[in-house]
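Asker:
Number of protein chains: 2
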Amino acid sequence: MVDKPLFTPGPLTTSRTVKAAMSRDLGSRDTEFIRVIRDLRNSLLQLAGVSQADGWEAVLMQGSGTFSIESVISSITPPDGKWLVIINGAYGERILKIIERHGIAAEAIRSAENELPDLVAIEAALGGEEFTHVAVVHCETTSGIMNPIAEIGALAKEHGCVYFVDSMSAFGGVQFDFAGSQLDCLVSSANKCVQGVPGFGFAICRRELLDATEDHARTISLDLTAQWRGLEGNGQFRFTPPTHTLLAFAQALRELDEEGGIAARAARYRANHDVCVAGMRAMGFTEFVPENLQGQIITSFLYPTDDFDFDEFYNRLNEKGFVIYPGKVTKANCFRIGHIGHLFPADTDALLTAIRAVAAEMNLSLSPKPA
Amino acid sequence: MVDKPLFTPGPLTTSRTVKAAMSRDLGSRDTEFIRVIRDLRNSLLQLAGVSQADGWEAVLMQGSGTFSIESVISSITPPDGKWLVIINGAYGERILKIIERHGIAAEAIRSAENELPDLVAIEAALGGEEFTHVAVVHCETTSGIMNPIAEIGALAKEHGCVYFVDSMSAFGGVQFDFAGSQLDCLVSSANKCVQGVPGFGFAICRRELLDATEDHARTISLDLTAQWRGLEGNGQFRFTPPTHTLLAFAQALRELDEEGGIAARAARYRANHDVCVAGMRAMGFTEFVPENLQGQIITSFLYPTDDFDFDEFYNRLNEKGFVIYPGKVTKANCFRIGHIGHLFPADTDALLTAIRAVAAEMNLSLSPKPA
């Protein structure tokens, strides 16, 4: 069966071979599987351009990406820690909510969902308060905006803070200078730009961060340090790993390498994005985020009219075999089209053809702009 | 590729068709997938012999089974709750450890790993202390012993406690009277006796337990009540679900039904167990748990001699294409052979043939007993 292409932020369309890698049952404590985990952890460090020799560790954690974020926050924060959370979307809000759920001190600096964080306000906050940790989302999937993680990292380091980046939807699909961004810990998940299937996430973090926080974990399941010690000790997960998902991820990492690494993948996503935005503009749709702030991961488009019926639009596209995504920004009515996964410009062309047909069926009043 | 059969407590050997069900990419918020989740939750209630109309709910949670246990404990316990944990193995100890990690009050009643819990001591404890919750493991996979969940349930109810059963390795493979056991909440996971692949677990619990504990969740990711409200509200997981694993589980539920339900599956596991124990005894191996206390899920065998080299035994079996499992009991040297998964008596026969060959290669001094 050929499934509908998923123009979403995940779960994504993956390659046939990634899915086929799941057709095996491996014992989670058997030597073959332990080798898979070891190689996969090494590959993640290589992707980030760092190594264990330089003091970095890759730790895998069961669950969705949010589980990995909560694992980091609830494991590495000392009792007297205080977070500064930089927020311009729902995923930044989620980080704050997790911190607060654990009774950890935090303050937020918010900017509009289609604007960059205010670096002056961040610097002022860091200078005046006793913050120990700074968090920001890399690509805010809420809107598709790319946040300036290197600039924020420089400020965090200047003020001696641990710097945490939620790179869920960006890692593997966006080129950036990992070490130069001065981050101490990054989280992403199996089914974003590496193009595996959902089931686990991972943290890439400085070893000293794990060593220094031995007893801070507030849960058993999400204890990042204990998970790391298990992976380093006997090479195994502490609790049953999603073996099939990990086999798919190992295959996905091979395919990322074969495609030409992050540079080639980022270029493909950029091409998907460019085709999409040009076609949507030509039809008369407008993006929510200004072009110069927009990443190539996902694009939010404003509803074309006040009475736009998104459910009908979605269902008609679905009937034609295309899955898009509802909006998530709070201050504007949007829908989203994703550019990541095993999708190519020709797939985006096919989506645009379907959107043109649906727009005609729905008699949408669009004001096409010249290309 | 044909993988080695896994005589382990999971991940298990699954059917080819269960694995093949993962060869699709479905959008997690798309209608087809929402239907899969709804049907799957209903099937779980049916398997337990309960229904939403009777006040029961099935809640799915990403991660390993331990994540689901922590989800229940950290979500349903009020700040002044106090647990009595009945322990005769490592999984009982893990429940206690989770409770303590969240700063929740608890006491344990321990018995030896090859003995049943002491019902008199449990009754005395419940009579004298202000316990609000009682927890026990159904089949202690540490040893393979089956605990008397109905008898403990009667005591818990007599003293007005919420009764929680960790039925991780038993649910779906053991016949028992769900309602008659007086339990309020049961947890199991996707890759045990239903024979799916690992990636999520589930709680089957009384709705009033969720309704009454709205604000008690100590984490965001593992918030059982919020997860339930999401599943009931829009039919979706709050955070990315392991879509492929869920598709495999839907297929596994169909195959459990086709096999003849829990009764037929329990009979197959019993047959696997009987073939295994008879063959091992004939070779001169002895079980750790007395026969009348032993379930059909997994069997612990004592090392045959003080100088038994388990690693060599394991590796030689592995080279012949069979995966068994190390022991986990604390007071005796054991190894374990599992009877669950897509395995049949003929598979166990093949394992026994391999064990006989390895015993000869290793010159094990065994004292065969007459059958």
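Taken in order, these protein sequences are the chains called A and B.
Using the numbering used here, read the first sequence as starting at 405 and increasing by one per residue.
Using the numbering used here, read the second sequence as starting at 405 and increasing by one per residue.
Ideal Cβ placement from N, Cα and C applies to all residues, glycine included.
With 8 Å as the threshold, decide whether the Cβ of residue 466 of chain A is near any Cβ in chain B.
Answerer: Mapped onto the first sequence, residue 466 of chain A falls at position 62. For residue 466 of chain A, the answer is yes, since a Cβ of chain B falls inside 8 Å of its Cβ.
Asker: Anything in chain E within Cβ reach of residue 426 of chain B, meaning under 7 Å, just list it in chain order.
Answerer: Absence of chain E from the displayed structure is noted, the protein chains being A and B.
Asker: Check whether chain A comes within 8 Å of residue 431 of chain B, counting only Cβ atoms and requiring the distance to be less than that.
Answerer: As a position in the second sequence, residue 431 of chain B is number 27, starting the count at 1. Answer yes: the Cβ-Cβ gap between residue 431 of chain B and chain A drops below 8 Å somewhere.
Asker: Going by other Cβ atoms of all chains shown within 10 Å of its Cβ, with 16 needed for buried, is residue 668 of chain B buried or exposed?
Answerer: Here residue 668 of chain B refers to the residue found at position 264 when the second sequence is read from its first residue. Burial call: exposed.
Asker: In or out: residue 452 of chain B buried (at least 16 other Cβ within 10 Å) or exposed?
Answerer: Translated into the one-based positions of the second sequence, residue 452 of chain B becomes position 48. Buried: at least 16 other Cβ atoms inside 10 Å.
Asker: Can you list, in chain order, the residues of its chain with a C-beta nearer than 7 Å to that of residue 594 of chain A? Leave out the 5 residues immediately preceding and following it.
Answerer: On the first sequence, residue 594 of chain A is found 190 positions in, with the first residue counted as 1. Contacts found: 600, 601, 602, 603, 604, 605, 649, 653.
Asker: Please confirm if residue 501 of chain B has its CB atom under 8 Å from at least one CB of chain A.
Answerer: If you number the second sequence from 1, residue 501 of chain B lands on position 97. Yes, contact with chain A.
Asker: Helix, strand or coil: how does DSSP classify residue 692 of chain A here?
Answerer: Taking the first residue of the first sequence as position 1, residue 692 of chain A is located at position 288. Note: residue 692 of chain A maps to coil in three-state DSSP.
Asker: What are the boundary residues of the beta strand (DSSP E) that includes residue 484 of chain B?
Answerer: Stepping through the second sequence from its first residue, residue 484 of chain B is reached at position 80. Counting along the chain, residue 484 of chain B falls outside any beta strand (DSSP E), and DSSP gives it neither H nor E.
Asker: How is residue 581 of chain A classed by DSSP in three states: helix, strand or coil?
Answerer: What you label residue 581 of chain A is simply residue 177 of the first sequence in a count that begins at 1. Of the three classes helix, strand and coil, the one that applies to residue 581 of chain A here is coil, per DSSP.
Asker: Which of the three DSSP states is assigned to residue 519 of chain B in this structure?
Answerer: For the purposes of this step, residue 519 of chain B is taken as residue 115 along the second sequence, with counting starting at 1. The answer is coil: DSSP assigns residue 519 of chain B none of H, G, I, E or B.
Asker: Thinking residue 598 of chain B and residue 657 of chain B are a contact (beta carbons under 8 Å), I'd like their distance in whole angstroms, please.
Answerer: Here residue 598 of chain B is taken as the residue at index 194 of the second sequence, counted from 1. Here residue 657 of chain B is taken as the residue at index 253 of the second sequence, counted from 1. Rounded to whole angstroms, the Cβ separation of residue 598 of chain B and residue 657 of chain B is 6 Å, and the two are in contact under 8 Å.
Asker: For the stretch 595-625 of chain B, which residues have a CB atom closer than 9 Å to at least one CB atom of chain A, in sequence order?
Answerer: Only 595, 601, 602, 603, 604, 621, 622, 623, 624, 625 from the stretch 595-625 of chain B bring a Cβ to less than 9 Å from some Cβ of chain A.
Asker: List, in chain order, every chain B residue whose beta-carbon is nearer than 9 Å to that of residue 505 of chain A.
Answerer: Along the first sequence, one-based indexing puts residue 505 of chain A at 101. The contacting residues are 621, 622, 623, 624, 627.
Asker: Might you give, ordered along the chain, the residues of its own chain that have their beta carbon closer than 8 Å to the beta carbon of residue 454 of chain A, omitting 5 neighbours on each side?
Answerer: As a first step, residue 454 of chain A is located in the first sequence; it is residue number 50 there, counting from the start. Same-chain partners within the cutoff: 460, 582, 583, 608.
Asker: If you measure between the beta carbons of residue 471 of chain A and residue 742 of chain A, is that distance less than 8 Å?
Answerer: In the first sequence, the residue the question calls residue 471 of chain A occupies position 67. In the first sequence, the residue the question calls residue 742 of chain A occupies position 338. No, the pair does not count as a contact, with Cβ atoms beyond the cut-off.
Asker: For residue 729 of chain B, which three-state DSSP category applies?
Answerer: Translated into positions along the second sequence, residue 729 of chain B becomes position 325. DSSP places residue 729 of chain B in strand when its eight states are reduced to three.
Asker: On the criterion of 16 or more Cβ atoms from any shown chain inside 10 Å, does residue 757 of chain B qualify as buried, or is it exposed?
Answerer: For this step, residue 757 of chain B is matched to residue 353 along the second sequence. Result: exposed.
Asker: Could you confirm whether any beta carbon from chain A is found closer than 8 Å to the beta carbon of residue 407 of chain B?
Answerer: Indexing the second sequence from 1 puts residue 407 of chain B at position 3. By this cut-off, residue 407 of chain B is an interface position.
Asker: Report yes if the C-beta distance between residue 704 of chain B and residue 547 of chain B is below 8 Å; otherwise report no.
Answerer: On the second sequence, position 300 is the one that residue 704 of chain B refers to. On the second sequence, position 143 is the one that residue 547 of chain B refers to. Yes, Cβ-Cβ distance for residue 704 of chain B and residue 547 of chain B is below 8 Å.
Asker: If we call anything under 8 Å between Cβ atoms a contact, is residue 731 of chain B one with residue 708 of chain B?
Answerer: As a working note, residue 731 of chain B is residue 327 in the second sequence. As a working note, residue 708 of chain B is residue 304 in the second sequence. With respect to residue 708 of chain B, residue 731 of chain B sits apart: the two C-beta atoms are not nearer than 8 Å.
Asker: According to the Cβ coordinates, are residue 562 of chain B and residue 551 of chain B closer than 8 Å?
Answerer: Locating residue 562 of chain B in the second sequence gives position 158, where the first residue counts as 1. Locating residue 551 of chain B in the second sequence gives position 147, where the first residue counts as 1. Not closer than 8 Å, so no.
Asker: I want to see whether chain B comes within less than 8 Å of residue 536 of chain A, judged by CB atoms only; does it?
Answerer: As a first step, residue 536 of chain A must be located in the first sequence, where it is residue number 132. It does not: the Cβ of residue 536 of chain A has no partner Cβ on chain B nearer than 8 Å.
Asker: Taking the alpha carbon of residue 417 of chain B as the reference point, which residue from A/408, A/498, A/722, A/430 has its own alpha carbon closest?
Answerer: Here residue 417 of chain B refers to the residue found at position 13 when the second sequence is read from its first residue. It is A/430.
Asker: Enumerate in chain order the residues of its own chain whose CB-to-CB distance from residue 621 of chain B is below 8 Å, with the five nearest sequence positions on each side excluded.
Answerer: Residue mapping note: residue 621 of chain B aligns to position 217 of the second sequence, counting from 1. Here residue 621 of chain B has 478, 479, 627, 628, 629, 630 as same chain residues with Cβ atoms under 8 Å from its own Cβ, once five neighbours each way along the sequence are excluded.
Asker: Which bits of chain A does residue 469 of chain B rub up against, with CB to CB less than 7 Å?
Answerer: The count along the second sequence starts at 1 and reaches residue 469 of chain B at position 65. Near residue 469 of chain B (Cβ distances below 7 Å), the residues of chain A are 644.
Asker: Going by other Cβ atoms of all chains shown within 10 Å of its Cβ, with 16 needed for buried, is residue 735 of chain B buried or exposed?
Answerer: The sequence position of residue 735 of chain B within the second sequence is 331, counting from 1. Classification for residue 735 of chain B: exposed.
Asker: Is it a yes or a no for the stretch 499-508 of chain A touching the stretch 520-536 of chain A, going by three-plus beta-carbon pairs under 8 Å?
Answerer: no
Asker: Among B/763, B/475, B/498, which has the Cα closest to the Cα of residue 624 of chain B?
Answerer: Here residue 624 of chain B is taken as the residue at index 220 of the second sequence, counted from 1. Taking only the C-alpha atoms, the option nearest residue 624 of chain B is B/475.
Asker: Is the shortest distance between the beta-carbon of residue 661 of chain B and the beta-carbons of chain A less than 8 Å?
Answerer: Residue mapping note: residue 661 of chain B aligns to position 257 of the second sequence, counting from 1. For residue 661 of chain B, the answer is no, since every Cβ of chain A falls outside 8 Å of its Cβ.
Asker: Taking 8 Å as the threshold (beta carbon to beta carbon), is residue 415 of chain A in contact with chain B?
Answerer: Taking the first sequence and counting its residues from 1, the one referred to as residue 415 of chain A is at position 11. So yes, residue 415 of chain A belongs to the interface.
Asker: For residue 436 of chain A and residue 488 of chain B, what's the separation of their Cα atoms in angstroms?
Answerer: Residue numbering aside, residue 436 of chain A sits at position 32 when the first sequence is read from its first letter. Residue numbering aside, residue 488 of chain B sits at position 84 when the second sequence is read from its first letter. Each residue's Cα considered, the two are about 40 Å apart.
Asker: With distance defined between alpha-carbon atoms, name the residue in A/438, A/591, A/676 nearest to residue 747 of chain A.
Answerer: Residue mapping note: residue 747 of chain A aligns to position 343 of the first sequence, counting from 1. Ranked by Cα distance from residue 747 of chain A, the first of A/438, A/591, A/676 is A/676.
Asker: Hey, is residue 481 of chain A's beta-carbon within less than 8 Å of any beta-carbon in chain B?
Answerer: Indexing the first sequence from 1 puts residue 481 of chain A at position 77. With 8 Å as the cut-off, residue 481 of chain A does not count as an interface residue toward chain B.
Asker: Should residue 776 of chain B go down as buried or exposed, given a rule of 16 or more other Cβ atoms within 10 Å for buried?
Answerer: Examination of residue 776 of chain B is not possible in this model, given that chain B is present from 405 through 775 alone.
Asker: From the beta carbon of residue 713 of chain A, is the nearest beta carbon of chain B less than 8 Å away?
Answerer: Reading the first sequence from its first residue, position 309 is the one you call residue 713 of chain A. Interface criterion not met: the Cβ of residue 713 of chain A is under 8 Å from no Cβ in chain B.
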